[in-house]
Each structure stands twice: as structure tokens, then as C-alpha cells.
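What follows is one structure encoded as C-alpha cells, with my remarks underneath.
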Amino acid sequence: MATSNTPMEDILRERITTTLSPSHLEIHNDSSKHSHHKAMEDSTSKETHFRVMITSEAFGGKGMMARHKMVYALFKEEMAREGGIHALQLRTRTEAEEEKDKSKEES
Amino acid sequence: MSTLLEIKSEEEWHKHTASLPSSTLQIISFHAPWAAPCTQMRTVLETLASSYPVTEPLSTSWVSMNAEEVMDVSDSFDVTAVPYLVLTRNNQVLETVSGSDATKVRAAIEKHAKSSGGSSNGSTAAANNSGSVAKNLSSYTPTAADPATAPQYSSGEVKEDKEALHERLATLVKAAPVMLFMKGTPSAPQCGFSRQTVALLRENSVKYGFFNILADDDVRQGLKEFSDWPTFPQLYVDGELVGGLDIVKEEMANDPDFFKAYSVPKSTPDSAAAS
Numbered sequence: 070m071a072t073s074n075t076p077m078e079d080i081l082r083e084r085i086t087t088t089l090s091p092s093h094l095e096i097h098n099d100s101s102k103h104s105h106h107k108a109m110e111d112s113t114s115k116e117t118h119f120r121v122m123i124t125s126e127a128f129g130g131k132g133m134m135a136r137h138k139m140v141y142a143l144f145k146e147e148m149a150r151e152g153g154i155h156a157l158q159l160r161t162r163t164e165a166e167e168e169k170d171k172s173k174e175e176s
Numbered sequence: 037m038s039t040l041l042e043i044k045s046e047e048e049w050h051k052h053t054a055s056l057p058s059s060t061l062q063i064i065s066f067h068a069p070w071a072a073p074c075t076q077m078r079t080v081l082e083t084l085a086s087s088y089p090v091t092e093p094l095s096t097s098w099v100s101m102n103a104e105e106v107m108d109v110s111d112s113f114d115v116t117a118v119p120y121l122v123l124t125r126n127n128q129v130l131e132t133v134s135g136s137d138a139t140k141v142r143a144a145i146e147k148h149a150k151s152s153g154g155s156s157n158g159s160t161a162a163a164n165n166s167g168s169v170a171k172n173l174s175s176y177t178p179t180a181a182d183p184a185t186a187p188q189y190s191s192g193e194v195k196e197d198k199e200a201l202h203e204r205l206a207t208l209v210k211a212a213p214v215m216l217f218m219k220g221t222p223s224a225p226q227c228g229f230s231r232q233t234v235a236l237l238r239e240n241s242v243k244y245g246f247f248n249i250l251a252d253d254d255v256r257q258g259l260k261e262f263s264d265w266p267t268f269p270q271l272y273v274d275g276e277l278v279g280g281l282d283i284v285k286e287e288m289a290n291d292p293d294f295f296k297a298y299s300v301p302k303s304t305p306d307s308a309a310a311s
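Sequence lines, in order, name chains G and U. Reading the first sequence from the start, the letters are residues 70 to 176 in this note's numbering. Reading the second sequence from the start, the letters are residues 37 to 311 in this note's numbering.
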């Protein structure tokens with residue numbers, strides 16, 4: 070069986086999908102942009118920094134902080150461990166908010 | 037950066053105060069070792085002091101005295117309760133603050149420090165001789181010559197117990213109305229997100245205090261728990277966590293006046309950036 074060479078990204082995708090049933094999910098691996106930073110000099114992982122955009126109704130009625138915490142909670146272990154997820158940039162919106170942003174961009 | 041000087045005797049006090057120029061803002065704190073809020077007040081003052089540069093002539097002098105050890109001095113300032121703060125300049129009492137309200141204390145000090153002109157609003161000449169300051173960030177750093185708002189909070193050898201750390205953090209997040217816990221310092225950020233946050237605050241002329249979490253591992257780990265937030269930078273406003281870079285950006289996008297209350301009007305032209 071072929072092993073993925075993006076195990077962390079797979080975990081991100083799987084858990085977010087299962088827990089939040091997003092209508093829209095984008096995961097970008099920005100690790101290479103940060104590999105020169107001092108903090109990363111001992112890192113061997115190529116999956117340290119992610120930028121994730123999630124649109125899910127599960128975020129409805131929650132403030133930004135609560136939404137981010139929901140996502141962070143899914144990856145508590147991965148974020149705490151050495152060589153795991155070092156940074157997670159999040160954009161968390163509901164479908165309605167995504168629509169609103171889209172129409173703002175187009176106007 | 038300034039430090040809080042503990043003065044033990046009346047004689048020492050008189051010598052010290054006589055040696056200061058009349059333009060110096062004297063920040064005088066009275067405490068008693070048996071009063072728990074005094075320890076917190078010391079922390080607040082040490083934090084604040086470290087964000088004020090040591091200038092020539094001296095713009096601020098920070099002194100702490102045990103009210104019971106210097107009875108005559110305490111009497112002369114009418115100290116009847118501790119912690120008690122007296123602000124003087126040129127032997128005139130400008131203001132006093134009784135009690136342990138950190139916000140009041142800070143507001144009073146900042147108010148009077150501003151009028152001396154040599155204070156921490158970031159545009160002092162002293163800010164720009166450090167040379168290594170990144171050009172694009174040098175025009176507005178929160179403190180001159182880049183000291184951390186609370187650098188002396190490294191726990192050093194002592195392994196703090198959880199409760200003490202928690203208390204320290206609770207005070208630290210209120211050390212300034214806008215407090216940025218970042219990796220590195222505003223003129224030398226060690227992380228892209230910290231750098232972007234500093235830039236955002238600078239663009240909006242926000243007056244803020246900062247703490248370099250890379251310099252103190254206890255705070256770094258402790259704050260993750262305290263804030264229930266796993267990453268840095270962390271921005272606190274009025275003692276409450278706003279979040280990281282993403283959230284700060286979003287808040288600004290939703291409300292451009294998000295930081296209005298904490299910003300200072302741009303006073304001097306960015307001559308520093310041109311050098």
C-alpha cells in the first residue's frame with residue numbers, strides 16, 4: 070500500500086472533514102516559506118506550517134477565537150509535539166460569510 | 037531600560053532624591069512585605085520601568101521603599117495604606133495612587149511621563165542608535181533601544197511553581213493596555229507572524245508593550261496554558277486575549293478603528309527610517 074508523503078496534511082484534512090463537515094476546505098503547506106527561520110533550523114519535517122481555509126456551518130454563532138480554538142483542539146497533540154505542526158494559520162467562515170466576502174470582492 | 041530601585045533608609049532616600057535633576061519624574065512606591073498586593077505592584081512597576089529608557093538627563097526614576105522602614109518619608113508623603121504610589125517632579129507631588137489597581141498606576145505614570153517629553157512614546161532619539169534596528173520597523177517601536185516590556189521576568193534558576201507563574205502571567209498580560217507576546221522583539225522579530233503583527237500595530241500607530249517569549253521558556257509554555265492558545269504571537273488587549281495574527285487581521289478588516297483607542301497620533305516624521 071502506497072504511503073502518503075504528506076501525512077500531516079492528510080491528518081489535517083481527515084479530522085477537519087470528519088469533525089466540521091466543511092463545505093469548503095483548502096490546506097496550503099507553507100513550510101518552505103519558513104524553513105530558513107531560526108526556529109526551524111533543527112527541523113527535518115516538511116510539514117510544519119499550514120494555512121487552512123475552512124467554511125463550515127459548525128462555526129455559526131461563534132466568535133473568531135472560539136472557532137480557532139475548535140480547530141486547534143483537533144490537533145492538540147500534533148501541535149504540542151516536537152516536529153509536529155509548528156504553525157496553523159486559519160480562516161474560519163460560515164457559508165453565509167463566504168458568500169458575503171465573495172460579493173465584496175466582486176463589487 | 038529603567039529598573040526599580042529598592043531604597044532601605046531615609047538617608048539613602050534623601051541622597052537619591054537630591055541627586056536627581058528637577059525635570060525627572062520620580063515614581064515612588066511604598067510597600068509592606070506583609071501585604072500581598074504589594075508583590076503584584078512591584079511586578080507591575082518593574083515591568084513598566086523596563087519600558088522606559090534611561091535617558092540623559094534622567095527622565096524617570098523608579099524607587100520602592102518599605103513604608104515601615106522609612107517612617108519619616110512615609111509620613112512626609114502621607115502614606116497611610118500600601119501599596120501606595122507617589123509621583124513627583126521638582127519636589128511637587130503630581131499625583132498619588134493608593135491601592136493595587138495596575139491600570140490606574142500605569143495611567144498615572146504614563147500621563148506624567150508624557151509631559152516630561154523624554155518618555156516611552158517611541159519617537160525619542162535614543163531609539164535609533166542601536167544600529168541593528170531593521171529599517172522598516174525602526175520608526176515606531178514601543179520602547180527605545182529595544183528593551184522588552186518585561187525582560188526581567190526570566191525565572192532564571194528558580195523553578196516557579198504553577199500558582200506563582202499563573203499570578204505572574206495574570207499581571208504580565210495587563211502590563212500594557214495592548215500587550216504583544218511575540219517571538220523576538222519588534223526590531224528583530226524571529227518569526228514571520230510576529231513580524232507581521234508588529235508591522236500591523238506600527239501601521240496603526242498602536243502604543244503597545246511587548247514580551248519576547250523566546251527569552252523565557254516558563255512564560256512561553258505557561259502562557260499557552262493560561263491563554264488556552266497554542267501559538268505565538270498572542271495579542272492581549274486590556275488583559276484579554278484577542279488572538280493571533282489571523283484574528284487581529286480579521287478584527288481590523290471588520291473594524292478599522294479596532295485599535296483607535298490605543299493609538300498615538302504620529303508626532304515626528306519618520307526620520308529614523310531614512311537613515
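Even for Gly, the Cβ is constructed at its ideal location relative to N, Cα and C. Treat the numbers as computed from the prediction; the structure is a model and nothing was measured.
Boundaries of the alpha helix (DSSP H) in which residue i is found, first to last residue
{"i": "G:R82", "result": "P76 to L89"}
{"i": "G:R120", "result": "Premise fails: G:R120 lies in the beta strand (DSSP E), H118 to T124, not in any alpha helix (DSSP H)."}
{"i": "U:A235", "result": "G228 to E239"}
{"i": "U:L259", "result": "D253 to S263"}
{"i": "U:V209", "result": "Taken as a continuous stretch (DSSP letters only), U:V209 belongs to no alpha helix (DSSP H), as it is neither H nor E."}
{"i": "U:V284", "result": "L281 to N290"}
{"i": "U:Q55", "result": "The sequence given here has Ser at residue 55 of chain U, not Gln. Looking at the DSSP string, the run of the alpha helix (DSSP H) that includes U:S55 is E46 to S55."}
Own chain residues within Cβ distance below 6 angstroms of residue i, not counting five before or after
{"i": "U:D293", "result": "none"}
{"i": "U:R125", "result": "L61"}
{"i": "U:E193", "result": "Unreliable positioning characterises U:E193 in this predicted model, as indicated by a pLDDT of 43, which lies under 50. A coordinate reading is not provided."}
{"i": "G:A156", "result": "H118"}
{"i": "U:L40", "result": "L81, E82, A85, W98 and S100"}
{"i": "U:K260", "result": "P266"}
{"i": "U:S191", "result": "A caution first: U:S191 carries a pLDDT of 48, below 50, which makes its placement in the model unreliable, though a value can still be read off. Cβ within range, chain order: D254."}
{"i": "U:Y120", "result": "F66 and S134"}
Beta-carbon contacts of residue i that lie in its chain and below 7 angstroms, excluding the five residues immediately before and after
{"i": "U:A122", "result": "According to the sequence shown, residue 122 of chain U is Val rather than Ala. Cβ neighbours of U:V122 beyond the five flanking positions: I64, F113, V129 and T132."}
{"i": "U:E46", "result": "V106, D108 and V109"}
{"i": "U:H50", "result": "none"}
{"i": "U:V284", "result": "T233, L236, L271 and V278"}
Contact with chain G by residue i, beta-carbon distance below 8 angstroms
{"i": "U:P89", "result": "no"}
{"i": "U:G258", "result": "no"}
{"i": "U:G228", "result": "yes"}
{"i": "U:E82", "result": "no"}
{"i": "U:T267", "result": "yes"}
{"i": "U:K312", "result": "Outside the displayed span of chain U (37 to 311) sits residue 312 of chain U, for which this structure offers no information."}
{"i": "U:D252", "result": "no"}
{"i": "U:E261", "result": "no"}
{"i": "U:K219", "result": "yes"}
{"i": "U:D282", "result": "yes"}
{"i": "U:D291", "result": "no"}
{"i": "U:D264", "result": "yes"}
{"i": "U:G279", "result": "yes"}
Neighbour flag for residue i against chain U, beta carbons, 8 angstroms
{"i": "G:R160", "result": "yes"}
{"i": "G:K138", "result": "yes"}
{"i": "G:A165", "result": "no"}
{"i": "G:H105", "result": "no"}
Boundaries (first-last residue) of the beta strand (DSSP E) holding residue i
{"i": "U:F113", "result": "Here U:F113 belongs to no beta strand (DSSP E), and DSSP marks it neither H nor E."}
{"i": "U:I43", "result": "L41 to I43"}
{"i": "U:I64", "result": "L61 to H67"}
{"i": "U:L318", "result": "Only positions 37 to 311 of chain U appear in this structure, which leaves residue 318 of chain U out of reach."}
Close beta carbons around residue i, own chain, < 8 angstroms, minus the five adjacent residues each side
{"i": "U:T207", "result": "Q76, T79, V80, T83 and A138"}
{"i": "G:E147", "result": "M77, I80, G153 and I154"}
{"i": "G:H137", "result": "L159 and T161"}
{"i": "G:E126", "result": "S90, S92, T163 and E164"}
{"i": "U:E199", "result": "none"}
{"i": "G:M134", "result": "none"}
Cβ-heavy atom distance, residue i to the ligand PLP, below 7 angstroms
{"i": "U:T116", "result": "Among the components modelled here there is no ligand, and therefore nothing to report on the ligand PLP."}
Those runs of the alpha helix (DSSP H) which lie wholly inside the stretch 75-158 of chain U and span at least 4 residues | Runs found: 107-112 and 138-152.
Select from the stretch 141-152 of chain G all residues with a C-beta closer than 8 angstroms to any C-beta belonging to chain U, and list them in chain order.
-> Along the stretch 141-152 of chain G, going in chain order, the ones with a CB nearer than 8 angstroms to a CB of chain U are Y141, K145, M148 and A149.
Hey, which unbroken runs of the alpha helix (DSSP H) at 4 residues or more fall wholly within the stretch 90-176 of chain G?
-> The stretch 90-176 of chain G contains these whole alpha helix (DSSP H) runs: 100-103, 133-143, 145-149 and 164-175.
Could you please tell me which residues of the stretch 101-134 of chain G, in chain order, have their CB closer than 8 angstroms to any CB of chain U?
-> Cβ contacts with chain U: K102, H103, H106, K107, A108, M133 and M134.
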